[in-house]
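Just so you know, we're using my numbering here: the sequence shown kicks off at 1047 and counts up by one.
Before any comments, here is the structure.
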Amino acid sequence: MKRFKNILYVMDGKTLAQQDSADKVATLARLNGARVSAIIVDETTLIDDLSLKISGRYAEIKQAILRQNTEDLNRFIRHKRWSDIDISADHSESGSFIAIIHKVLREGHDLVIKEETLDRGIDQLAMRLIRKCPCPVWVVKRDSGDFKRILAAVDVGSDYPETKALNKKIVELAHSLAQREQGEAHYLHVWRLAHEVTLRGPRFNVSSEEIAAMKKKISEESLAQLHSLLDSNHIPRKDDNTHCREGRSEEVIKKSIDELGVDVIVMGSVGRSGVPGLLIGNKAEEILNSINCTVLTVKPDGFISPVTLP
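Put into structure tokens, the structure is as follows:
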């Protein structure tokens, strides 16, 4: 993956203590010749925050936490894994996704990496970053092993130019990640026959044979479009790594992840970029809330974050 040059590594206390994803981040940075900025997110809850204030020692305790974070982060970046990598520690106090996105905008980060804190689905901070951060967001599952099976979820049935550009990003990232990990990439498009219920109803009364013929045509055209996408980007394909499946996208993608033993899914996090600040689509959010693999989400060209610099 030779495209990321300025990585923001977002951690919390558990990430620092366990360091499960640190070696993966270091390897990615080394292969890309990228610099890394590491930051700790203070995930103090509202109740904890109020209790600190009520205790009368709020400022004192907050300063103690900040000092401890500073010491821990300095120790973290001195580890030998970073010996040949340009890494720096950001000691600014950060407790919100807004502060992280401000940092991305100010410093031009082209990838945000965060380790997941849940066994299944995406935690609140990660989801907010996926929705609103202008650059790709990589959410690494804790205790994840090697990234041997990568699934690229694309929409080859769309005629929107921004969707086609997004598809190109997704398949290129999946292919390069598979090459780097000496694994295999799979490419998935999900299709449905629009208005099938209406077509079968009494108003149109389309026969089952006609419906089957329509579905066969859509399936064949979708597979041809998927092949064309890969061929035009010089990505090798085989019969067993290109998949065009019928159904609701969120259900098919979740099932495909389980069936294929996927370690990483690469997917777009919004549908269209025509509206500045367009947030993540309901279907994509449903997928992210239920899967248990690492996720790399990509924005369409022209996406403008709703979070702006003050």
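Using N, Cα and C, we set each Cβ at its ideal position, and we do this for glycine too.
C-alpha distance - residue i paired with residue j, whole-angstrom precision
i, j, result
"ASP1431", "SER1336", "In the structure as shown, the chain begins at 1047 and stops at 1356. Residue 1431 is therefore absent and cannot be evaluated."
"ALA1084", "ILE1168", "21 Å"
"ILE1147", "TYR1055", "12 Å"
"LYS1262", "MET1173", "37 Å"
"GLN1065", "GLN1170", "21 Å"
"ASN1213", "ALA1259", "27 Å"
"LEU1112", "ALA1135", "13 Å"
"LEU1151", "LEU1157", "11 Å"
"SER1204", "MET1313", "15 Å"
"LEU1219", "GLU1242", "34 Å"
"SER1351", "ASN1052", "18 Å"
"VAL1298", "ILE1176", "21 Å"
"PRO1180", "MET1057", "19 Å"
"ALA1080", "GLY1154", "13 Å"
Span of the beta strand (DSSP E), counted from its first residue to its last, around residue i
i, result
"LYS1160", "1157-1161"
"ARG1291", "1288-1292"
"THR1343", "1340-1344"
"ASN1335", "That residue, ASN1335, is in no beta strand (DSSP E); it is neither H nor E in DSSP."
"GLY1314", "1310-1314"
"ARG1226", "Here ARG1226 belongs to no beta strand (DSSP E); instead the alpha helix (DSSP H) covers 1207-1227."
"LEU1197", "1195-1200"
Residue i, buried or exposed, once every other Cβ within 10 Å from all chains shown has been counted against 16
i, result
"ASP1132", "exposed"
"GLY1191", "exposed"
"ASN1115", "buried"
"HIS1221", "buried"
"THR1340", "buried"
"PRO1182", "buried"
"ALA1063", "exposed"
"THR1244", "exposed"
6 Å CB neighbourhood of residue i in its chain, flanking five on each side removed
i, result
"ASN1338", "ARG1166"
"ARG1283", "LEU1276"
"VAL1353", "ILE1144, ILE1147 and LYS1178"
"HIS1024", "Residue 1024 lies beyond the range of the chain shown here (1047 to 1356); nothing can be said about it."
"THR1288", "TYR1233 and LEU1272"
"THR1061", "GLU1161"
Residue i - containing alpha helix (DSSP H), residue span
i, result
"ILE1176", "1170-1178"
"ALA1240", "Here ALA1240 belongs to no alpha helix (DSSP H), and DSSP marks it neither H nor E."
"ASN1078", "1068-1078"
"VAL1150", "1143-1153"
"LEU1272", "1254-1278"
Same chain, Cβ closer than 8 Å to residue i, five either side skipped, listed in chain order
i, result
"ASP1069", "ARG1127"
"ILE1216", "ALA1198, ALA1199, VAL1200, VAL1312, MET1313, GLY1314 and VAL1344"
Spatial neighbours of residue i in its chain, beta-carbon cut-off 7 Å, leaving aside the 5 residues before and after
i, result
"ASP1130", "ARG1076"
"ALA1072", "ARG1127, TRP1128 and ILE1131"
"ILE1303", "LEU1197, ILE1311, ILE1337 and CYS1339"
"LEU1342", "PRO1182, TRP1184, LEU1219, VAL1310 and VAL1312"
"VAL1202", "ASN1213, HIS1235, SER1268, GLN1271, LEU1272 and LEU1275"
heavy atom of the ligand PLP below 6 Å from residue i C-beta
i, result
"ARG1246", "Because no ligand of any kind appears in the structure shown, any question about the ligand PLP cannot be addressed here."
Neighbour flag for residue i against chain C, beta carbons, 7 Å
i, result
"ASP1189", "Absence of chain C from the displayed structure is noted, only one protein chain being present."
Okay, do the region 1191-1208 and the region 1234-1241 touch, 3+ Cβ pairs below 8 Å being the bar? yes
Should the region 1224-1231 be called in touch with the region 1242-1259, which here means at least 3 C-beta pairs below 8 Å? no
For the structure I just gave you, are there three or more beta carbon pairs, one from the region 1153-1164 and one from the region 1290-1297, closer than 8 Å? Of all C-beta pairs linking the region 1153-1164 to the region 1290-1297, fewer than three are shorter than 8 Å, placing the two stretches out of contact.
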